[in-house]
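Okay, so the sequence shown: first residue is 26 according to this note's numbering, each after it adds one.
Think of the CB as a built atom: it goes at the ideal place given N, C-alpha and C, for glycine as much as any other residue.
Computed from a predicted structure; not experimentally measured.
Presented below is the structure to which this report refers.
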Amino acid sequence: MSDANTEGAIEAILMVVDEPVPPADIAVALDVPEQEVLSTLHRLRDEYADPVRPRGFELREVEGRWRIYSARLYADAVGAFVVEGQSARLSQAALETLAVVAYRQPVTRGQVSQVRGVNVDSVMKTLRARGLVTEVGEVAGAVQYGTSTEFLERMGLSSVDELPPLAPYLPELADVDGEGDR
Numbered sequence: 026m027s028d029a030n031t032e033g034a035i036e037a038i039l040m041v042v043d044e045p046v047p048p049a050d051i052a053v054a055l056d057v058p059e060q061e062v063l064s065t066l067h068r069l070r071d072e073y074a075d076p077v078r079p080r081g082f083e084l085r086e087v088e089g090r091w092r093i094y095s096a097r098l099y100a101d102a103v104g105a106f107v108v109e110g111q112s113a114r115l116s117q118a119a120l121e122t123l124a125v126v127a128y129r130q131p132v133t134r135g136q137v138s139q140v141r142g143v144n145v146d147s148v149m150k151t152l153r154a155r156g157l158v159t160e161v162g163e164v165a166g167a168v169q170y171g172t173s174t175e176f177l178e179r180m181g182l183s184s185v186d187e188l189p190p191l192a193p194y195l196p197e198l199a200d201v202d203g204e205g206d207r
């Protein structure tokens with residue numbers, strides 16, 4: 026397969042996936058080396074990000090997997106189109122709970138409740154139903170939760186390591202658990 030055909034085939038695959046795909050899966054489908062797929066993905070990402078010619082889409086890597094997304098530059102327009110009168114926003118309680126999970130994961134519902142000072146059972150159900158948090162393990166008979174790939178995608182992050190530090194916003198919490206500012 027020529028470089029142009031490989032590039033076109035990769036773009037076609039990325040247009041139909043409904044979740045980020047690992048380069049190895051693309052390589053198998055195209056019968057080309059994974060490194061060739063990876064270098065093509067990096068080249069396409071850079072090409073799509075050209076500031077001289079902004080596009081309505083971008084190629085992003087999320088936890089080592091790749092997908093085409095609408096460009097962040099047009100998030101308001103896409104949001105208005107997709108939502109169109111529906112309430113897709115999270116409540117303040119859901120946002121606070123999601124923040125606790127994101128920054129303290131893996132965490133149990135009880136631990137989240139302790140941080141927030143209220144019962145979070147229904148909020149956690151909502152976050153799970155929206156695919157923003159997921160079960161990641163169990164400790165002492167309690168389910169542990171963490172953020173999902175969907176959360177990372179919606180936040181435009183490759184991993185939770187890219188979450189902004191909390192210390193500048195909540196300095197009194199910076200070293201509560203000895204884990205620094207994340």
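The secondary-structure analysis by DSSP pairs Val158 across a beta bridge with Thr172.
The residue among Trp91, Val140, Val103 with its C-alpha nearest the C-alpha of Arg68 is Trp91. Nearest neighbour of Ala34 by Cα position, chosen from Ser116, Val57, Thr159, turns out to be Val57. Residue state for Glu36 is assigned as helix, using DSSP reduced to three classes. Pairing Ala127 with Gly162, the inter-Cα distance amounts to about 15 angstroms. Between Leu177 and Val87, the gap from beta carbon to beta carbon is short of 7 angstroms. Assignment of beta-bridge partners to Thr65 by DSSP yields no partner.
Contact fails between the region 137-144 and the region 152-167, because fewer than three Cβ pairs, one in each stretch, are under 8 angstroms apart. Between Phe106 and Ala96, the gap from beta carbon to beta carbon reaches 7 angstroms or more. By the 16-neighbour rule on beta-carbons within 10 angstroms, Arg85 is buried.
Burial check for Gln136: the Cβ neighbour count within 10 Å reaches 16 or more, so the residue is buried. For Tyr128, the uninterrupted alpha helix (DSSP H) segment begins and ends at 117-129. For the set Glu160, Val164, Val53, Ile38, the Cα lying nearest the Cα of Ser173 is the one of Glu160. Pairing Pro45 with Glu59 gives a Cβ-Cβ distance that is not under 7 angstroms. The DSSP-derived three-state label of Arg141 is helix. Thr133 has Gln169 as its beta-bridge partners, per DSSP. At a Cβ-Cβ threshold of 7 angstroms, Val148 and Thr122 count as neighbours. Annotated as distal: Gly171 and Gln117, with beta-carbon spacing of 7 angstroms or more.
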